[in-house]
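Enquirer:
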Amino acid sequence: MNPSDGIVAELRTLGNPARAEQEKRYLKSDLLHLGVPVPAIRKVAVRAAAGRSREQTLALARDLWHEPVHESRMAAVEVLVRNWALLKARDLPIIEQMIRESHTWAYVDVLAIKVVGLLIWRYPRLAMTLDLWSGDDNLWIRRTALLALIRGIRTGEADLTRLSEYGDALIEEREFFIRKALGWVLRELSKRDPGWVTSWVRGRTDRISGVTFREAVRHLPAEDRESLLTAYRS
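Quick note on numbering: the working numbering labels position 68 of the sequence shown as 73, and the sequence is numbered without any gaps.
1. Straight-line CA distance for V190 to L152?
2. From L32, I146, L91 and R219, pick the residue whose C-alpha is nearest to that of I118; which is it?
3. Under 8 Å between the Cβ atoms of T210 and A186?
4. Across which residues does DSSP place V51 in a beta bridge pair?
5. Alpha carbons only, please: which of E26, I100 and L16 is nearest the one belonging to E76?
6. Since R78 is in the alpha helix (DSSP H), which residue starts that stretch and which ends it?
7. Quick one: Cα of G122 to Cα of R159, how far?
8. Pair every Cβ in the stretch 32–41 with every Cβ in the stretch 86–96, then say whether three or more of these pairs are closer than 8 Å.
9. Find the nearest neighbour of E106 within the set R47, I176, P73 and K48, judged by alpha-carbon distance.
10. On the DSSP bridge assignment, give the partners of L37 in chain order.
11. How about Y128 and A94: are their beta carbons less than 8 Å apart?
12. Decide if D173 is buried, meaning its Cβ has at least 16 other Cβ atoms within 10 Å, or exposed.
13. Name the residue from G208, E228 and V202 whose alpha carbon lies nearest to the alpha carbon of E5.
14. In its own chain, which residues sit with a C-beta less than 6 Å from the C-beta of G20, not counting the 5 before and 5 after it?
15. Quick one: residues in its chain with C-beta nearer than 8 Å to the C-beta of S34, no 5 flanking neighbours on either side, listed in chain order?
16. How long is the line joining the alpha carbons of G208 and L233, rounded to whole angstroms?
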């Protein structure tokens, strides 16, 4: 029996039908849902990933990902998060394919921040891939390009050049999940560099969407937030 079979079997024992129905409806998912809470999925995945080599980690994540079960895909993501330090630059295309097949933020956001973001940090040359992704036809790939920047922001190594470039390229996006992601990244930066965020938003109040704007200004000093709100309304 493949290790993934045992993991899925264990997840089935932890499921809740009522939760499964609610989550499937919320995520508008075509997959089977078992109704397992995220902390429980993570616990199972972390235990399964422990002690595995890079090759074994990738094989387990691949097998879990190919199961048409929501919790199995979540476990695949958590296996990669648990063993991200084993991954190499050449593994990024594997992560990219998972993102392209995700069709939901539920997998994409964790992969973007906790796997792609960390690979970019370890292998800075991979940031050029983000430049391509920011203009990709796939909205989840574009979202990843933005969210992968959060790791640097949280550690005080923000790539402000790329954030500004991606922001200008995507600021007039009609896709909600891109607008939300841009706002999320700006919100994270505002906790460390509110002046930069205030200046960036101020120069774009005529183009920025309401979704992006609300997220971006949420943690700014009250005076800056009110000033930007006045400019945005006008």
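Cβ coordinates follow ideal geometry from the N, Cα and C atoms, glycine included. Please read these numbers as outputs of a predicted model, since none were measured by experiment.
Expert: In short, the structure shows the following:
1. 7 Å
2. I146
3. no
4. Its beta-bridge partners do not exist; DSSP assigns none.
5. L16
6. H75 to R87
7. 11 Å
8. no
9. P73
10. V74
11. yes
12. exposed
13. Nothing in the structure corresponds to residue 5, since the chain is present only between 6 and 239.
14. L39, G40 and V41
15. E28, H75 and T109
16. 10 Å
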